[in-house]
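Chemist: Residue numbers (this note's numbering), protein chains in the order written: chain A, 1 to 231; chain B, 1001 to 1245.
#1: Mind listing which residues of the region 83 to 94 of chain A have their C-beta closer than 8 Å to chain B's C-betas, in chain order?
#2: Any idea what DSSP makes of residue 1189/B, helix, strand or coil?
#3: Taking only beta-carbon positions, decide if residue 38/A is within less than 9 Å of chain B.
#4: Ends of the beta strand (DSSP E) at residue 1146/B?
#5: Give a yes or no on whether the C-beta atoms belonging to residue 1129/B and residue 180/A are separated by under 9 Å.
#6: Check for me: the beta strand (DSSP E) holding residue 135/A runs from which residue to which?
#7: Only counting the same chain, and skipping five residues up and downstream in sequence, which positions put a Cβ closer than 6 Å to that of residue 1121/B?
#8: List the DSSP bridge partners of residue 1113/B.
#9: For the beta strand (DSSP E) that residue 1179/B lies in, which residues bound it at each end?
#10: Could you tell me which residues DSSP pairs with residue 1223/B in its beta bridges?
#11: Check residue 1023/B in the structure and name its three-state DSSP category.
#12: Indicate the three-state DSSP secondary structure (helix, strand or coil) for residue 164/A in the structure shown.
#13: Which residues does DSSP pair with residue 150/A in a beta bridge?
#14: Quick one: list the residues of chain A neighbouring residue 1052/B, beta-carbon separation under 9 Å, in chain order.
#15: Along chain A, in chain order, which residues have C-beta atoms closer than 9 Å to that of residue 973/B?
#16: For residue 167/A, is the classification buried or exposed, using 16 other Cβ atoms within 10 angstroms of its Cβ as the cut-off for buried?
#17: For residue 1027/B, I'd like the list of residues in its chain whose CB is within less than 7 Å of its CB, leaving aside the five on either flank, ordered along the chain.
#18: Between the alpha carbons of residue 64/A and residue 161/A, how many angstroms are there, rounded?
#19: For residue 1211/B, which residues does DSSP report across the bridge?
#20: Write down every uninterrupted run of the beta strand (DSSP E) in the region 1032 to 1060 of chain B whose length is 3 residues or greater and which is fully enclosed by it, in chain order.
#21: Could you check where the beta strand (DSSP E) with residue 1266/B kicks off and where it finishes?
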């Protein structure tokens, strides 16, 4: 095909976004799991911070701190760890469903590929200048990079998490991450990346609420205004 | 003898604690307007069930031949870290003259061991990483007889499932038999070049580099072999039982 620029593409009459049931279950399992993992992870982190700050107690997960001092002789660390190692399975389940769904429906290939540096740069500049239009059901290059990025970050969270959990039984993995103390830093780093993704993700969903409808009900449609500048 | 003596007491203590926790949770819920889901009994029991499942996964992951990494002398921390559920000034000071290591349960020769006898045993030395459940870690050096060798020496039934420990400070722990028989699980009597100092568990610390730090009891005064899962100080407080690394 010849070079097609965005202006040449006719905007469809009705934009549609579909999510399979599997994709939606996967999404919400992971959403819940990520909240559990981050909340409890912050409580665990606060015991031995690796940076000169602690997370405010009230946004962490692990029960009432003062109650824990009487029942568990700690500040809810045991509770947070129990959450963390339960949330881990939910996250793994959600992540596995995502991969399964991707393989069955070709979602990755159809919707998230290709991603070229040029397309990313173009869409990034458009997005940064607030000129990037959102078409429901279509992923622009910046979105594609973000989704691949968060999938990679989740994968790295699993691997660095396993390296911290099992530095002897999975010693090779721990070695790959530069040893136990460094694996903790890597785990922290990718947590930060996921938090950054979540902030952008939730903001954009708030700007285009129909994407939320689609992720809950499986389908959402949008009729663009005829007068709208197609860029 | 020790498990049967302690079990009802322990059980009663745990029941009291559960009741207390239940009562406190309810109180906290009414006080806080029921906002902290972590403390609800349903959540607690679900998390506990998953934790038991994780015990099985970890036992499956555990290899009796995979060794914890050994480090060179230069990597050993200059100062080992003191850690207990109370400040260092309260750490037990055990009198070497009167100390006895009691043995009970499925062990043929239950004669107690004195400090002199323990120090006379052949030792294996290891420089391994102590990993705390909280996230901190350091590389230490310990030496002592491998627990498996000691169990053979006293005629323990190693087909039993667990080995439990009682400590001078009221601490208690227990491990699975495969971990007890792991070549790097030792009955440490030295820390670094010295005989175990009082603050690090004199005269006996069980050093298990395949377990989290809290599974490495110090000031050990009694040991027993049993088929009943021993309680642990921190596992009775919501921490995972197997806690392998």
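The beta carbon of each residue, even a glycine, is placed where N, CA and C say it ideally should be.
Remember, predicted model here, so these are calculated numbers, not experimental data.
Modeler: Well, looking at it:
#1: Cβ proximity to chain B below 8 Å picks out 83, 85, 86 and 89 from the region 83 to 94 of chain A.
#2: strand
#3: no
#4: 1137 to 1146
#5: yes
#6: Taken as a continuous stretch (DSSP letters only), residue 135/A belongs to no beta strand (DSSP E), as it is neither H nor E.
#7: 1145
#8: Looking at the DSSP assignment, residue 1113/B forms a beta bridge with 1101/B.
#9: First-last for residue 1179/B: 1177 to 1180, but that is the alpha helix (DSSP H), not the beta strand (DSSP E).
#10: 1103/B and 1165/B
#11: Because residue 1023/B carries a pLDDT of 48, less than 50, the predicted location of this residue cannot be relied on, and the following value inherits that uncertainty. In the structure shown, the three-state DSSP call for residue 1023/B is helix.
#12: In the structure shown, residue 164/A sits in a helix (DSSP, three-state: H, G or I).
#13: In the DSSP output, where bridge partners are listed per residue, residue 150/A has none listed.
#14: Within chain A, no residue has its CB atom less than 9 Å from the CB of residue 1052/B, the nearest being about 11 Å off.
#15: This structure does not reach residue 973/B, given that chain B is present from 1001 up to 1245, and the question cannot be answered.
#16: It is buried - the Cβ of residue 167/A has at least 16 other Cβ atoms within 10 Å.
#17: Bear in mind that the predicted position of residue 1027/B carries a pLDDT of just 43, short of 50, making it too unreliable to give a figure here.
#18: 25 Å
#19: 1244/B
#20: none
#21: Missing from the structure shown is residue 1266/B; chain B here goes from 1001 to 1245 and no further.
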